[in-house]
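Q:
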Amino acid sequence: MKTLLFFNDWSLCRIDNMRIRQGKPEPVPDATFLDSHVDIAWGYPSVFQDEKSGRWRMIYQGHYSDRKYYPLVAESTDGVAWSILDVSDRCAIPDRKFPHQILPKGEVGEIHIAYHDQREEAPAKRLKLLIDAHSHPGFATSPDGIHWTVDSSVRWHRNVSDPAASVFYVPHRDMYTLSVRPRSNDRRVCFIETRDWREFSTPFLVMEPDALDGPLTQCYGMPIFPVGELFVGFLWLYHTEPRSAPFKFYDGKVD
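Residue numbers (my numbering): 2 to 256.
1) Quick one, are the C-beta atoms of D145 and D51 less than 8 Å apart?
2) When you compare only the Cα positions, how much space is there between F8 and K98?
3) Could you give the DSSP three-state label for E230: helix, strand or coil?
4) Could you round the C-beta distance between Y70 and G63 to whole angstroms and report it? I think they count as a contact, below 8 Å.
5) Helix, strand or coil for K98 per DSSP?
6) Taking R120 and Y170 to be in contact with their CB atoms under 8 Å, please state how far apart those CB atoms are, rounded to whole angstroms.
7) Could you work out which residue in P28, T33, P30, L6 is closest to I21 when comparing CA atoms only?
8) Going by the DSSP bridge assignment, what does D133 pair with across the sheet?
9) Kindly indicate if chain B contains any beta-carbon less than 8 Å away from that of L213.
10) What number of angstroms, rounded off, separates the C-alpha of H117 from the C-alpha of R174?
11) Please classify K260 as buried or exposed, where buried requires at least 16 neighbouring CB atoms within 10 angstroms.
12) Should R102 be labelled buried (16 or more other beta-carbon atoms within 10 Å of its own) or exposed?
13) Classify G107 as buried or exposed, calling it buried when 16 or more other Cβ atoms lie within 10 Å of its own Cβ.
14) Where are the beta strand (DSSP E) runs, 3 residues long or more, that stay fully inside the segment 182-218, in chain order?
15) Can you check DSSP and say which residues form a bridge with P172?
16) Are the CB atoms of S77 and W83 within a distance shorter than 8 Å?
17) Within a Cβ cutoff of 7 Å, which residues of the same chain sit near E111, ignoring the five residues on either side of it in sequence?
18) Is it buried or exposed, V39, if we count other Cβ atoms within 10 angstroms and call 16 or more buried?
19) With DSSP run on the structure shown, which of helix, strand or coil describes D40?
20) Sort out for me which residues DSSP pairs W57 with in a bridge.
21) Can you tell me which of T178, R156, N18, W149 puts its alpha carbon nearest to the alpha carbon of P138?
22) What does DSSP give as the partner residue(s) for Y71 in the beta ladder?
23) Measure the Cβ-Cβ separation of S162 and V181 and say whether it is below 8 Å.
24) Assuming C220 and E230 are in contact, meaning their beta carbons sit under 8 Å apart, how far apart are those beta carbons, in whole angstroms?
25) From this set, P26, E122, H240, I60, which residue's C-alpha is nearest D36's C-alpha?
26) Taking H240 as part of the beta strand (DSSP E), name the residues at either end of that continuous run.
27) Distance check for F235 and P28, CA to CA, integer angstroms please.
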């Protein structure tokens, strides 16, 4: 038996006694996560299972009243009910502000995604965190989501890109691909490729709004996940306010 994903009908010639429809997700009240310390509206969470403890961990960011973002960690035994993880006795941070803070504020503007790299041979680098470190892209690695090492020699983007980056691995090309923006306010989708997390390609455009989209629609981001032999992208469409944006797309280039 073969699984057939109904993204389109190109492989079908006939349908009998069947109707294709979109499922409707049901919210799980116990899975609602709130952080009393910060606003997590811009959380951009990444979830992975810690190999040693077997627990689920979530890396996310919180916005505080000082108008800054803080990288934080939460934990769960079942992936449904979450609580903040106090790491103050395990993770030394200068001028710590929150018990679940995992990086010094001075090294981070905002965080993108914590990618769990199952191909990484070095346990200390199993997790890879993409960072917007104020005026340049930053990079950090971790074995457990609690202890992080910032590598200032890695520059994964030529510009600064707003959070919403996604990482996926392409087996037949032996390539890691980053789904990012060309620049912070340039809301289109570009790819950046790397094999070793040291050398990165120039961003190249893969998706932008066109005449078939509604007025003032922008591509905010596109997380991508492998499904069998396919790659499924969840495109975030952002509908902006009708006002002047002189910074939008700059000169039309992506590098």
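Yeah, the Cβ is synthetic: ideal placement off N, Cα and C, and Gly gets one too.
Note that the structure is a prediction, hence the values are computed from the model and not measured.
A: On the basis of the coordinates in this document:
1) Yes, Cβ-Cβ distance for D145 and D51 is below 8 Å.
2) Their Cα atoms are separated by approximately 46 Å.
3) Three-state DSSP puts E230 in coil, outside helix and strand.
4) Contact holds; Cβ gap of about 7 Å.
5) Three-state DSSP puts K98 in coil, outside helix and strand.
6) 7 Å between Cβ atoms; contact.
7) Of the candidates P28, T33, P30, L6, the one whose C-alpha sits nearest the C-alpha of I21 is L6.
8) As a beta-bridge residue in DSSP terms, D133 pairs with E111, P138.
9) Among the chains in the structure shown there is no chain B, since it carries only a single protein chain.
10) Looking at the two C-alpha atoms, the distance is approximately 19 Å.
11) Nothing can be reported for residue 260, as the shown portion of the chain is limited to 2 through 256.
12) For the sequence presented, residue 102 should be read as Gln rather than Arg. Classification for Q102: buried.
13) When all chains shown are included, G107 counts as exposed.
14) If we require 3 residues or more, the beta strand (DSSP E) runs fully inside the segment 182-218 come out as 190-195, 205-208.
15) Partner(s): none; P172 has no beta bridge.
16) Yes, the pair counts as a contact, with Cβ atoms nearer than the cut-off.
17) Close CB contacts of E111 within its chain, under the 7 Å cut and outside five residues either way in sequence, are with Q62, Y70, D133, P164 (chain order).
18) Around the beta carbon of V39, 16 or more other beta carbons sit within 10 angstroms, so the residue counts as buried.
19) D40: strand per DSSP, three-state reduction.
20) Paired residues: Q50, S77.
21) Nearest option by C-alpha distance: R156.
22) Answer is G63, bridged to Y71.
23) V181 is positioned such that its CB atom lies closer than 8 Å to that of S162.
24) 25 Å between Cβ atoms; not a contact.
25) If we check each option's Cα against that of D36, I60 comes out closest.
26) For H240, the enclosing beta strand (DSSP E) covers residues 237-240.
27) The straight-line gap from Cα to Cα measures roughly 19 Å.
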